[in-house]
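FYI, the numbering for the sequence shown is 1 to 446, going by the UniProt record's numbering. Just so you know, even glycine gets a beta-carbon here, dropped at the ideal spot from N, CA and C.
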Amino acid sequence: MNAHATPVPATASRSQPLSGSIKVPGDKSISHRSFMFGGLAAGETRITGLLEGEDVLRTGEAMKAMGARIEKQGGEWIIQGVGNGCLLEPVAPLDFGNAGTGSRLTMGLVGTYDMKTTFIGDASLSKRPMGRVLDPLREMGVQVLEAAQGDRMPLTLRGPKRATPISYRVPMASAQVKSAVLLAALNTPGVTTVIEPIMTRDHTEKMLAGFGATLEVETDAQGVRHIRIEGEPRLTGQTIAVPGDPSSAAFPMVAALLVPGSDVIIEGALMNPTRTGLIDTLLEMGANIEILNRRNAGGEDMADLRVRHSELKGVTVPPARAPFMIDEYPVLAVAAAFAEGETVMDGLEELRVKESDRLAAVARGLEANGVDCTEGETSLTVRGRPGGSGIGGGTVETHLDHRIAMSFLVMGLAAEKPITVDDRSMVATSFPEFFDLMTGLGAEIA
1 MNAHATPVPA TASRSQPLSG SIKVPGDKSI SHRSFMFGGL AAGETRITGL
51 LEGEDVLRTG EAMKAMGARI EKQGGEWIIQ GVGNGCLLEP VAPLDFGNAG
101 TGSRLTMGLV GTYDMKTTFI GDASLSKRPM GRVLDPLREM GVQVLEAAQG
151 DRMPLTLRGP KRATPISYRV PMASAQVKSA VLLAALNTPG VTTVIEPIMT
201 RDHTEKMLAG FGATLEVETD AQGVRHIRIE GEPRLTGQTI AVPGDPSSAA
251 FPMVAALLVP GSDVIIEGAL MNPTRTGLID TLLEMGANIE ILNRRNAGGE
301 DMADLRVRHS ELKGVTVPPA RAPFMIDEYP VLAVAAAFAE GETVMDGLEE
351 LRVKESDRLA AVARGLEANG VDCTEGETSL TVRGRPGGSG IGGGTVETHL
401 DHRIAMSFLV MGLAAEKPIT VDDRSMVATS FPEFFDLMTG LGAEIA
């Protein structure tokens, strides 16, 4: 199934100053996990602030297909979970559309069940490699009965009668791989250990503990994290308020920095330290970002952000920061296009296996709009044009990738000439309110 069969182009043009106060939709990572853990836990889970994008709703449908009851009442989602260890075998394939996070985490969740589960997705998701998740699951006893070439969808898993706990060292910085193993451990006797040499976003650990799992995290002298989880815990429904998604906040944030005269407040953004790499980088570039009203909600740090137009300068982004801002590199590259001097980004191998080859897509989009850049195997160097002189006039191929589309529409708001993206329809997968929210601030997007 491909929900985006008919492309719908969009064009962004140089805008008047952006102004206003906005609240971005709920964090995507936490929203996926809220549906999964709520559907798995015994009793009732209530969720406010959920991101109601296509990707997250696919995860909700998958949990319903395995026995959870999920309904929306007013602004709240109410889930009656099945109880850990009690998922039902789905009668039809689980269709994840474009949702990489939802599909990979669900493979971990269901893989250790003694049942057969088939995963399918759209054209983009079907190109993305799943072997990084399937490899540790195979060690736990999961069989991959069928898969497209290269461990891709459509694929069918068959769980063992009794899964085997493992100690698994994650070979790359990937919160999805770590989370898939931790979720597989929920239906596995004994203690499963995930060894994480480079810390990634830690929502799975925090939320599992909140739902009642017994889990401990130790960091050794070398900075390597050892996450141990006891299998077959009782999980109990919770009340969750989902904070604003920092990956979505990135687009109005960068737009406000680039469009002269802008002054925008973004309310309730998640400030988990594993997710603030973009803010750290923009501050180093000279961005005028004030962090206001810091607070805690459900174990996560939140704050309001006041963002004003700024003259940016190029920086070298430390590769170690990549796991904390991996989804934000496309829009950072857009910011770099308007900065004085050169911005160097390295450690970007993970961008090659996102909704598209994001590294190549960003480089081609910059080139199509007059920005000088160099694409390496794991790096991107952007040489900026302060004020947007000579930028724009091109059409960007999005490759069905929502973040490519939104990033280059932001670019068009400050460019000398308009910028067109070949398709806007897939933006609904992660940020359905993007167009209304941006035009409400004054953005010229048609």
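So what's residue i in DSSP terms, helix, strand or just coil?
i, result
"M107", "helix"
"M63", "helix"
"P154", "strand"
"S21", "strand"
"K28", "helix"
"V315", "coil"
"M115", "coil"
"T101", "helix"
"residue 465", "Any property of residue 465 remains undetermined from this structure, which presents the chain solely from 1 to 446."
"R14", "coil"
"R308", "strand"
"L87", "coil"
"G81", "strand"
"A320", "helix"
For the putative contact between residue i and residue j, defined by C-beta atoms under 8 Å, what is the C-beta separation to the nearest angstrom?
i, j, result
"M107", "V133", "5 Å"
"G26", "I79", "Not quite, the Cβ-Cβ distance comes to about 15 Å (not below 8 Å), so this is no contact."
"A10", "R424", "4 Å"
"S356", "S29", "At roughly 19 Å, the Cβ-Cβ gap does not stay under 8 Å, so S356 and S29 are not in contact."
"V334", "V254", "6 Å"
"P129", "G150", "6 Å"
"I291", "A303", "5 Å"
"G341", "P319", "At roughly 19 Å, the Cβ-Cβ gap does not stay under 8 Å, so G341 and P319 are not in contact."
"A361", "D422", "No, A361 and D422 are not in contact; Cβ-Cβ is about 11 Å, not under 8 Å."
"P246", "L441", "Going by Cβ atoms, the distance from P246 to L441 rounds to 18 Å, so no, they are not a contact pair."
"L282", "L305", "That pair is no contact at about 10 Å."
Leaving out five residues on either side along the sequence, give the residues of the same chain with a beta carbon under 7 Å from the beta carbon of residue i.
i, result
"A250", "L278, E328, V331"
"S13", "G412, P418, E444"
"E433", "P25"
"residue 451", "The requested residue 451 does not occur in the structure, where the chain is confined to residues 1 to 446."
"residue 447", "No answer is possible for residue 447: the residues shown for the chain start at 1 and end at 446."
"F435", "I445"
"A368", "G394, T395, V396"
In angstroms, rounded to a whole number, what distance separates the CA positions of residue i and residue j?
i, j, result
"K72", "T48", "10 Å"
"A163", "K23", "43 Å"
"A287", "R294", "19 Å"
"L18", "L413", "10 Å"
"V194", "A415", "45 Å"
"S103", "V56", "10 Å"
"P197", "V170", "7 Å"
"F96", "I120", "6 Å"
"E375", "M66", "43 Å"
"L437", "S31", "20 Å"
"L366", "V259", "18 Å"
"A62", "F35", "9 Å"
"T59", "T101", "9 Å"
"R364", "A147", "31 Å"
"K116", "L87", "12 Å"
"E218", "R228", "9 Å"
"R225", "T192", "14 Å"
"E54", "S248", "15 Å"
"H4", "A405", "Legend: pLDDT at H4 = 49, less than 50; position of this residue unreliable, no value from coordinates given."
"D202", "V344", "27 Å"
"S379", "E349", "8 Å"
Leaving out the 5 sequence neighbours to the left and right, which residues in its chain are closer than 8 Å to residue i when beta-carbon positions are compared?
i, result
"T236", "A41, A42, G43, F211, G212"
"P136", "I166, Y168, V177, A180, V181, A184"
"P160", "T112, D114, M140, G141, V142, Q143"
"K313", "M285, G286, A339, E340, G341"
Spatial neighbours of residue i within its chain, please: CB distance less than 6 Å, with the 5 preceding and 5 following residues excluded, ordered by chain position.
i, result
"T118", "P93, T156"
"A173", "I198, T200, P323"
"T239", "R46"
Using a Cβ-Cβ distance cut-off of 8 Å, determine whether residue i contacts chain B.
i, result
"Q222", "Of the chains in the structure shown, none is chain B; there is only one protein chain."
Could I get the ranges of all uninterrupted beta strand (DSSP E) runs contained in the region 235-300, with 3 residues as the minimum, in chain order? 239-241, 263-270, 288-297
In chain order, which alpha helix (DSSP H) runs of at least 4 residues are fully inside the region 124-210? 131-139, 175-185
Only counting runs of 4 or more residues, tell me where the alpha helix (DSSP H) segments fall wholly within the region 397-445, in order along the chain. 402-414, 434-441
Can you check the region 327-382 for any alpha helix (DSSP H) of at least 4 residues that lies completely inside it and give the ranges in chain order? 329-337, 358-368
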